[in-house]
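Read the structure below first, then the notes.
Protein chains: 2
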Amino acid sequence: MSANSSSAALAPARIEPGDSYVQSFARGLAVVRTFSGEAPAQTITEVAERAGLTRAGARRILLTLQHLGYVEAEGRLFRLTPKILDLGFAYLSSLPLWNLAEPVMEDLVADIKESCSAAVLDATDIVYVLRVPTHKIMAINLGVGSRLPAYCSSMGRVLLAGLPDEQIDARLAASDLVQRTPKTETDPTRLRALIEQVRVQGWALVAEELEEGLVSLAAPIRGRNGEVVAAINVSGQQHRTPPVVMLERFLPKLLAAAHQISSMIGGAK
Amino acid sequence: MSANSSSAALAPARIEPGDSYVQSFARGLAVVRTFSGEAPAQTITEVAERAGLTRAGARRILLTLQHLGYVEAEGRLFRLTPKILDLGFAYLSSLPLWNLAEPVMEDLVADIKESCSAAVLDATDIVYVLRVPTHKIMAINLGVGSRLPAYCSSMGRVLLAGLPDEQIDARLAASDLVQRTPKTETDPTRLRALIEQVRVQGWALVAEELEEGLVSLAAPIRGRNGEVVAAINVSGQQHRTPPVVMLERFLPKLLAAAHQISSMIGGAK
Numbered sequence: 001m002s003a004n005s006s007s008a009a010l011a012p013a014r015i016e017p018g019d020s021y022v023q024s025f026a027r028g029l030a031v032v033r034t035f036s037g038e039a040p041a042q043t044i045t046e047v048a049e050r051a052g053l054t055r056a057g058a059r060r061i062l063l064t065l066q067h068l069g070y071v072e073a074e075g076r077l078f079r080l081t082p083k084i085l086d087l088g089f090a091y092l093s094s095l096p097l098w099n100l101a102e103p104v105m106e107d108l109v110a111d112i113k114e115s116c117s118a119a120v121l122d123a124t125d126i127v128y129v130l131r132v133p134t135h136k137i138m139a140i141n142l143g144v145g146s147r148l149p150a151y152c153s154s155m156g157r158v159l160l161a162g163l164p165d166e167q168i169d170a171r172l173a174a175s176d177l178v179q180r181t182p183k184t185e186t187d188p189t190r191l192r193a194l195i196e197q198v199r200v201q202g203w204a205l206v207a208e209e210l211e212e213g214l215v216s217l218a219a220p221i222r223g224r225n226g227e228v229v230a231a232i233n234v235s236g237q238q239h240r241t242p243p244v245v246m247l248e249r250f251l252p253k254l255l256a257a258a259h260q261i262s263s264m265i266g267g268a269k
Numbered sequence: 001m002s003a004n005s006s007s008a009a010l011a012p013a014r015i016e017p018g019d020s021y022v023q024s025f026a027r028g029l030a031v032v033r034t035f036s037g038e039a040p041a042q043t044i045t046e047v048a049e050r051a052g053l054t055r056a057g058a059r060r061i062l063l064t065l066q067h068l069g070y071v072e073a074e075g076r077l078f079r080l081t082p083k084i085l086d087l088g089f090a091y092l093s094s095l096p097l098w099n100l101a102e103p104v105m106e107d108l109v110a111d112i113k114e115s116c117s118a119a120v121l122d123a124t125d126i127v128y129v130l131r132v133p134t135h136k137i138m139a140i141n142l143g144v145g146s147r148l149p150a151y152c153s154s155m156g157r158v159l160l161a162g163l164p165d166e167q168i169d170a171r172l173a174a175s176d177l178v179q180r181t182p183k184t185e186t187d188p189t190r191l192r193a194l195i196e197q198v199r200v201q202g203w204a205l206v207a208e209e210l211e212e213g214l215v216s217l218a219a220p221i222r223g224r225n226g227e228v229v230a231a232i233n234v235s236g237q238q239h240r241t242p243p244v245v246m247l248e249r250f251l252p253k254l255l256a257a258a259h260q261i262s263s264m265i266g267g268a269k
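Read top to bottom, the protein sequences are chains A and B.
Once you know that position 151 of the first sequence is 151 in the UniProt record's numbering, the rest is easy, because the numbers rise by one and skip nothing.
Once you know that position 27 of the second sequence is 27 in the UniProt record's numbering, the rest is easy, because the numbers rise by one and skip nothing.
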């Protein structure tokens with residue numbers, strides 16, 4: 001795993017761009033991604049529309065996926081099967097921190113009574129890879145695999161801060177800097193300065209830039225060569241845990257947990 | 001989602017078996033699945049060996065996956081990227097119970113202080129789709145996407161009990177009935193009777209058949225037509241919560257939680 005995980009996608013691959021195999025494979029994965037909470041079961045026509053394929057093309061891919069056990073059919077409707085989770089599981093179980101981080105995060109949650117999550121960077125997004133929830137009503141429900149924009153999330157700023165300068169600039173330039181709340185910082189120069197500050201201080205606090213009322217504090221998990229491989233955070237509600245409370249009560253514990261996880265994967269001095 | 005999720009894989013698909021597209025796609029997914037905790041980063045040669053491909057074939061697929069952003073290269077080593085989680089996320093977010101069940105399960109965990117999970121059936125396995133851990137040392141760590149054999153797990157027996165009789169027999173016949181502990185039931189006829197009992201009583205208790213010391217209690221989640229779409233369980237350690245304690249203290253609460261989740265997806269009367 002690397003915080004720099006999507007650089008491969010940006011680098012030119014040593015295969016022909018119009019390669020029919022690449023095309024077919026990409027289309028197959030695109031079909032998988034047409035399924036969602038809004039479209040849990042789809043007809044061939046619906047899949048074709050959502051994936052931008054012909055009806056014949058969508059049919060061929062759906063039958064292939066069905067043949068391989070990744071899709072099941074009930075009448076005219078197709079659904080994904082749980083076998084599709086094997087693919088993500090291959091990724092998660094290959095993360096060095098995956099098994100090691102969870103007990104540390106559970107201790108932290110038991111102590112501070114706020115949720116704790118771990119995420120990695122993928123292009124301009126953070127992707128949740130672990131989550132230890134606590135029983136609180138949250139406005140956003142972020143399971144493993146969920147994405148959030150990096151520029152306005154605490155884990156995102158920690159992960160961006162772990163990149164070389166030119167990469168930070170490239171990622172910010174590629175980001176859609178949306179004013180999600182009145183407090184969201186969307187100016188690239190000021191964001192750059194905030195990320196620089198995160199790099200120096202070793203943690204990030206983001207208060208109500210992602211969502212009104214949401215305060216989040218994140219710290220880096222470091223790999224063997226000191227590189228930032230993931231981030232963990234704790235988040236809470238402004239009215240219950242204002243930023244100053246977060247910093248006083250949670251920051252030392254979050255940093256200790258991050259350091260402990262980094263040690264486990266050989267990344268803390 | 002359906003407990004009968006792998007029937008599509010068993011049914012003859014209306015495509016040619018030797019279809020080159022199916023072959024290519026299957027190989028691509030097989031390459032993804034060669035990555036794991038034991039093999040988080042692999043060379044082309046290692047991938048070729050694990051996937052049973054030629055070196056040239058493995059290279060072509062790895063470069064395709066890299067081109068699509070699902071794999072990244074660092075020197076000679078290839079790794080999966082978090083983008084692969086999008087595929088599993090498409091499945092999870094398409095489960096009707098996914099967002100709805102979690103708060104109910106969190107309430108249950110807060111009440112009984114034992115972990116609660118949800119799983120669905122895939123052929124002869126159960127696959128975890130949701131998990132609310134509690135802070136306890138567990139011998140087995142089961143994240144979303146983890147698999148266990150259905151025949152010897154409480155959720156597995158609940159899910160099998162939801163199938164038509166001939167399907168139960170077929171799944172048991174296809175199962176590798178291993179004596180995992182001295183208590184594991186491996187006789188198909190007696191397993192069939194246990195599953196019948198689960199169907200009648202509406203819950204399953206499995207004590208130390210999966211792993212010594214582990215006791216688990218499961219109940220079905222029902223969909224709109226009364227069909228079993230998933231199972232939820234609570235599990236604990238024999239020495240802390242012997243089966244009789246599980247039944248007295250946890251069963252009514254587990255059944256109430258299962259009923260509440262079923263109601264949310266339109267499946268409880």
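C-beta: ideal position from N, C-alpha, C; glycine also.
Sequence-distant residues of the same chain with beta carbon closer than 6 Å to residue 334(A), five excluded per side: One cannot answer for residue 334(A) here, as it falls past the ends of chain A, which runs 1 to 269.
When the cut-off is 8 Å and only beta carbons count, does Y21(B) lie next to chain A? yes
Taking the DSSP output, what are the residues bridged to F78(A)? Q42(A), A73(A)
Is V47(B) close to chain A? Criterion is C-beta to C-beta, closer than 8 Å. no
Figure out for me which residue from L217(A), A119(A), P164(A) has the closest Cα to the Cα of V245(A). L217(A)
Under 7 Å Cβ to Cβ from R59(B), same chain only, skipping five residues before and after it: list those, please. I44
If you draw a straight line from the C-alpha of F35(A) to the C-alpha of G52(A), how long is it? 14 Å
So that I know if they touch, is there some Cβ in chain B lying closer than 8 Å to that of T124(A)? no
Among W98(A), L68(A), M155(A), L130(A), nearest to V198(A) - alpha-carbon criterion: M155(A)
What are the boundary residues of the alpha helix (DSSP H) that includes L255(A)? 251-264
Reference A123(B); option with closest CA among Q201(A), I61(A), P82(A), L210(A): P82(A)
Against Y151(A), what residues of chain B qualify as contacts under a CB-to-CB distance less than 8 Å, listed in chain order? Within 8 Å Cβ-Cβ: nothing; Y151(A) doesn't reach chain B, min ~17 Å.
Could you name the residues of the same chain whose beta carbon sits closer than 8 Å to that of V31(A), not counting the 5 residues immediately before and after it, in chain order? V47, A51, L53, A58, I61, L62, L65
When you compare only the Cα positions, how much space is there between A173(B) and F25(B)? 29 Å
Quick one: what's C116(B) bridged to in DSSP? V132(B), V234(B)
I need the DSSP call for L172(B), collapsed to helix, strand or coil. helix
Going by C-alpha distance, which of A118(A), L95(A), P96(A) is nearest M105(A)? A118(A)
Between which two residues does the beta strand (DSSP E) carrying V215(B) extend? 214-222
L159(B) and L121(B) look like a contact to me (Cβ under 8 Å); what is the Cβ gap, rounded to whole Å? 4 Å
Can you tell me where the alpha helix (DSSP H) holding V158(B) begins and where it ends? 154-161
Which first and last residues belong to the alpha helix (DSSP H) in which L65(A) is found? 55-67
Work out the CA separation of G213(A) and A207(A) for me, nearest whole Å. 8 Å
Residues near A204(B) in its chain [Cβ-Cβ closer than 6 Å; skip 5 each side]: S154, R157, V158, V198, A218
Select from L108(A), V132(A), P133(A), E49(A) the residue whose C-alpha is nearest the C-alpha of Q260(A). L108(A)
Enclosing alpha helix (DSSP H) for P188(A) [first to last residue]: 188-201
Distance, Y21(A) Cα to G162(A) Cα: 35 Å
Given a cut-off of 8 Å on the beta-carbon distance, is the pair L80(A) and S94(B) in contact? yes
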